[in-house]
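Asker: Numbering (this note's numbering), first residue to last: 14 to 470.
(1) Write down every uninterrupted run of the alpha helix (DSSP H) in the region 180-206 whose length is 4 residues or greater and which is fully enclosed by it, in chain order.
(2) For the alpha helix (DSSP H) containing residue 301, name the first residue and the last one.
(3) Between residue 359 and residue 448, is the Cβ-Cβ spacing less than 8 Å?
(4) Can you tell me which of the three DSSP states residue 169 falls into?
(5) Quick check: what's the CA-CA separation for residue 371 versus residue 310?
(6) Give a yes or no on whether the C-beta atoms belonging to residue 53 and residue 157 are separated by under 8 Å.
(7) Excluding sequence positions up to five away, which residues of its chain have a Cβ less than 8 Å from the Cβ of residue 101?
(8) On the premise that residue 150 lies in contact with residue 190, defined as a C-beta separation below 8 Å, what is that separation, rounded to the nearest angstrom?
(9) Starting from the Cα of residue 322, find the closest Cα among 173, 135, 434 and 142 and give me that residue.
(10) Using a Cβ distance threshold of 8 Å, determine whether the region 294-305 contacts the region 434-445, with at least three qualifying pairs required.
(11) Beta-carbon within less than 8 Å of residue 388's beta-carbon, same chain only, minus the 5 sequence neighbours each way: which residues are those?
(12) Does the Cβ of residue 276 have 16 or more other Cβ atoms within 10 Å, making it buried, or fewer, making it exposed?
(13) Straight-line CA distance for residue 416 to residue 402?
(14) How big is the Cα-Cα spacing for residue 182 and residue 336?
(15) Roughly how far, in whole angstroms, is the beta-carbon of residue 193 from the beta-carbon of residue 143, given that I think they are within contact range, below 8 Å?
(16) Using the three-state DSSP reduction, which class does residue 388 fall into: helix, strand or coil?
(17) Taking the straight line between their C-alpha atoms, what separation do you get for residue 85 and residue 66?
(18) Look up residue 265 in the DSSP assignment and say whether it is helix, strand or coil.
(19) If you follow the alpha helix (DSSP H) that residue 175 is in, where does it begin and where does it stop?
(20) By Cβ distance, which residues of its chain are closer than 6 Å to residue 2, with the 5 residues on each side in sequence left out?
(21) Relative to the C-alpha of residue 185, which residue among 374, 384, 59 and 458 is closest?
(22) Could you tell me which of 57, 278 and 320 sits nearest to residue 302, measuring between CA atoms?
(23) Are residue 153 and residue 47 touching if we call contact CB-CB under 8 Å?
(24) Can you tell me where the alpha helix (DSSP H) holding residue 348 begins and where it ends?
(25) For the alpha helix (DSSP H) holding residue 446, just list the boundary residues, first then last.
(26) Can you check whether the CB of residue 318 is closer than 8 Å to the CB of residue 265?
(27) Run the CB neighbour count on residue 173, radius 10 Å, all protein chains shown included, and call it buried at 16 or more, exposed below.
(28) Can you look up residue 286 in the DSSP assignment and give me helix, strand or coil?
(29) Can you tell me where the alpha helix (DSSP H) holding residue 465 begins and where it ends?
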């Protein structure tokens, strides 16, 4: 049988209404559509600010003439926001691809054991990932077009956007589709390695090796780097700003490096001190795969990080500034900060929903065994909720600590004693966390679908 015929046969098998693959397909397509739409909106906003500043040439001429223009700050700030949002965008795209593979890994492993070649299994995976990514990306293009009128109503620099300013052009649309498909293929192929190389390892559900405490060293390195940047004179404001931004980005990367280890430790403590079955199940699942547990809530860590910055920016009162252009910049900084936070929170919620759905599908055998052994479905729901809640609490705490660690040398600790800052920060974190928990709660439909399907995949 040709590979393309086998792929079509598997897709027809997945079209069965009783097959959880139908629901996971929908979730994956929604995730790809969200990634595409948000990516294009972010790129369109950056392009609009760049055009208002006179384009790349205008920025260069302004720098050469040593002219201070607040308009030239907007592309830089929009670029920083874009870089921050790049992490959850890639994470969500990868989660969607892994979700597409999760349901099929057992089937593909069975095909390998039955004699299918690595090339055939790889081709099947690439066809699946490409089909879902293209479908989602095309839906994302429609979503981007629908969002343009809404985004155009936002006021920056004292005026709203023109739709033409936010339009990225047909070439950029095609590039976005290609990028989404590339992320999907890369993540799918990386997830496929355990099937293509060791199909028996999939059936055995081999636990990955643990994480090492050496990851904690990265936190100290990032803090020392921030101290150096904030205490040493570099002779140029532009260089200093660039370095501070770079260290902040490194700080968030450090958070992603340290987070899985901390979650693994907390998972062990949770499992060891559990007094209820649901808590024990949640703790053991976290310990089994702390990386996935972190990725499922990593978006809210970014949202918490951004919430800290946005709350600090809100301290600066535009009315207290004499220069109208500077007052406008401060007001727009506040708006931009909360807009970035809203996008990060949305991505975090969708990412958590997709991640949890993928974990349910991946653990479908365990769910069925527990139900057959007499475990109540409500207990499984509580375990899955705590499986999200524990990493969520860790990620919020770690992100808050990282934000304090990196921003304290710049603005001092007195800013964090302001009641308004604390309340605003807590409200932002609560909103982002609510989106994440809502995304996790949506996975219960996948659980019902998995339990309703008897037999093997």
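Glycine is no exception: its CB is placed at the ideal position from the N, C-alpha and C atoms.
No experiment lies behind these values; they were computed from the predicted model shown.
Answerer: Reading off the structure:
(1) none
(2) Along the chain shown, one-based indexing puts residue 301 at 288. Per DSSP, residue 301 belongs to the alpha helix (DSSP H) from 290-301.
(3) Counting from 1 along the chain shown, the entry for residue 359 is found at position 346. Counting from 1 along the chain shown, the entry for residue 448 is found at position 435. Taking 8 Å as the Cβ cut-off, residue 359 and residue 448 qualify as a contacting pair.
(4) Reading the chain shown from its first residue, position 156 is the one you call residue 169. Of the three classes helix, strand and coil, the one that applies to residue 169 here is strand, per DSSP.
(5) Taking the chain shown and counting its residues from 1, the one referred to as residue 371 is at position 358. Taking the chain shown and counting its residues from 1, the one referred to as residue 310 is at position 297. Distance between the alpha carbons of residue 371 and residue 310: 14 Å.
(6) For this step, residue 53 is matched to residue 40 along the chain shown. For this step, residue 157 is matched to residue 144 along the chain shown. Yes, they are a contact pair.
(7) Here the question's residue 101 lines up with position 88 in the chain shown. Once the five neighbours on either side are set aside, the close Cβ partners of residue 101 are 311, 312, 315, 357, 360, 361 and 364.
(8) Numbered from its first residue, the chain shown carries residue 190 at position 177. Numbered from its first residue, the chain shown carries residue 150 at position 137. Yes, they are in contact, since the Cβ atoms of residue 190 and residue 150 sit about 4 Å apart, within 8 Å.
(9) Here residue 322 is taken as the residue at index 309 of the chain shown, counted from 1. Nearest of 173, 135, 434 and 142 to residue 322, Cα basis: 434.
(10) no
(11) Working through the chain shown from its first residue, we reach residue 388 at position 375. Once the five neighbours on either side are set aside, the close Cβ partners of residue 388 are 290.
(12) Here the question's residue 276 lines up with position 263 in the chain shown. Its Cβ being crowded by 16 or more others within 10 Å, residue 276 is buried.
(13) Indexing the chain shown from 1 puts residue 416 at position 403. Indexing the chain shown from 1 puts residue 402 at position 389. Whole-angstrom Cα-Cα distance: 21 Å.
(14) Reading the chain shown from its first residue, position 169 is the one you call residue 182. Reading the chain shown from its first residue, position 323 is the one you call residue 336. Going by the C-alpha atoms only, they are around 36 Å apart.
(15) Your numbering for residue 193 matches position 180 in the chain shown. Your numbering for residue 143 matches position 130 in the chain shown. The Cβ separation is near 10 Å, so there is no contact.
(16) By 1-based counting over the chain shown, the position of residue 388 is 375. The answer is coil: DSSP assigns residue 388 none of H, G, I, E or B.
(17) As a first step, residue 85 is located in the chain shown; it is residue number 72 there, counting from the start. As a first step, residue 66 is located in the chain shown; it is residue number 53 there, counting from the start. Cα to Cα, the separation comes out at about 5 Å.
(18) To locate residue 265, count along the chain shown from 1; it is residue 252. Correct three-state label for residue 265: helix.
(19) As a working note, residue 175 is residue 162 in the chain shown. That residue, residue 175, is in no alpha helix (DSSP H); it is neither H nor E in DSSP.
(20) This structure leaves residue 2 out entirely; the chain is present only between 14 and 470.
(21) Here residue 185 refers to the residue found at position 172 of the chain shown. Of the listed residues, the one whose Cα sits closest to residue 185 is 59.
(22) Position 289 of the chain shown holds residue 302. The option with the nearest alpha carbon to residue 302 is 278.
(23) In the chain shown, the residue the question calls residue 153 occupies position 140. In the chain shown, the residue the question calls residue 47 occupies position 34. Yes, Cβ-Cβ distance for residue 153 and residue 47 is below 8 Å.
(24) Against the chain shown, residue 348 aligns to sequence position 335. Residue 348 -> alpha helix (DSSP H) spans 337-375.
(25) Residue mapping note: residue 446 aligns to position 433 of the chain shown, counting from 1. Run containing residue 446: 432-454, per the alpha helix (DSSP H) assignment.
(26) For this step, residue 265 is matched to residue 252 along the chain shown. For this step, residue 318 is matched to residue 305 along the chain shown. A contact, by the Cβ cut-off of 8 Å.
(27) The sequence position of residue 173 within the chain shown is 160, counting from 1. That one is exposed.
(28) Within the chain shown, the letter at position 273 stands for residue 286. In the structure shown, residue 286 sits in coil (DSSP, three-state: anything other than H, G, I, E or B).
(29) For the purposes of this step, residue 465 is taken as the residue at position 452 of the chain shown. Per DSSP, residue 465 belongs to the alpha helix (DSSP H) from 457-465.
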